[in-house]
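A.B. asks: In the numbering used here, the protein residues as written are 91 to 271.
Below you will find the structure I want to go over with you.
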């Protein structure tokens, strides 16, 4: 007695229409059908590639966000230093030359930091767009996997150890045709 599983059959299978025929030397004990949620949970090579790419893109976004947050903190630090809000909160009086030097430093540093922040945001947006495409493809792979998770279980008795032919017939719902003129 052997049990044979035929997997990845459409979910549109009409239960009562299932027929199995065996070649000579084998007898059919039972035919059962049902959904196989465990086997459908297996991750395909394509899905694994997409999962890996998704993880890599998420990691890139996290790292860029950390860099961007660091730049924003540096901008805040420069602003604090320029305003001279030290631990005592005392204000300093500047000469014209010091003020010009301070303004020059502030302008160049803040401009550099804001440009860096903007470039990081552009990179994050670009990676996020790619991540959205990967997520869409991953959802497509998952939906395809769930379309055909029906399986048929055949229990057969075989009298000799030779190759046997199994013919499986069934009807499906949602079957139709469209004329082409």
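Glycine included, each C-beta is placed from N, C-alpha and C at the ideal position.
Treat the numbers as computed from the prediction; the structure is a model and nothing was measured.
1. Strictly by DSSP, which residues pair up with residue 121?
2. Going by CA-CA distance only, name the one from 153, 91, 120 and 135 that's closest to residue 211.
3. Let me know the secondary structure DSSP gives residue 205 once reduced to three states.
4. Would a check of beta-carbon distances place residue 213 closer than 8 Å to chain D?
5. Once you ignore the five residues that flank residue 136 on each side, which residues in its own chain have a CB closer than 8 Å to its CB?
6. Less than 8 Å between the beta carbons of residue 246 and residue 118, yes or no?
7. In the DSSP assignment, what residue or residues form a beta bridge with residue 93?
8. Which word fits residue 95, buried or exposed, when buried means at least 16 other C-beta atoms lie within 10 angstroms of its C-beta?
9. What does a CB cutoff of less than 7 Å around residue 105 pick up in its chain, not counting 5 residues either side in sequence?
10. With distances taken Cα to Cα, identify the nearest neighbour of residue 213 among 225, 100, 148 and 116.
11. Buried or exposed: residue 244, going by 16 or more other Cβ atoms within 10 Å of its Cβ?
12. Given that a residue counts as buried once 16 or more other Cβ atoms are within 10 Å of its Cβ, and exposed if not, what is residue 208?
13. Based on Cα-Cα distance, which residue from 173, 168 and 222 lies nearest to residue 202?
14. What residues match up with residue 156 in a beta bridge as DSSP calls it?
15. Give me the Cα-Cα distance between residue 223 and residue 204, rounded to the nearest whole angstrom.
C.D. replies: For this structure:
1. Secondary-structure assignment with DSSP links residue 121 through a beta bridge to 244.
2. Per the Cα distances, 153.
3. In this structure, residue 205 counts as helix in the three-state DSSP scheme.
4. Absence of chain D from the displayed structure is noted, only one protein chain being present.
5. Within the same chain, and ignoring the five residues on either side of residue 136 in sequence, the residues whose Cβ sits closer than 8 Å to its Cβ are 231.
6. Contact: yes.
7. Residue 93 pairs with 245.
8. Label assigned to residue 95: exposed.
9. Scanning its chain for C-beta atoms nearer than 7 Å, with the 5 sequence neighbours on each side dropped, one finds around residue 105 the residues 123, in chain order.
10. Sorting 225, 100, 148 and 116 by C-alpha distance to the C-alpha of residue 213 places 148 at the top.
11. That one is buried.
12. Exposed: under 16 other Cβ atoms inside 10 Å.
13. Just measuring C-alpha positions, the residue of 173, 168 and 222 sitting nearest residue 202 is 168.
14. Residue 156 pairs with nothing; no bridge assigned.
15. If you take the alpha carbons of residue 223 and residue 204, they lie about 29 Å apart.
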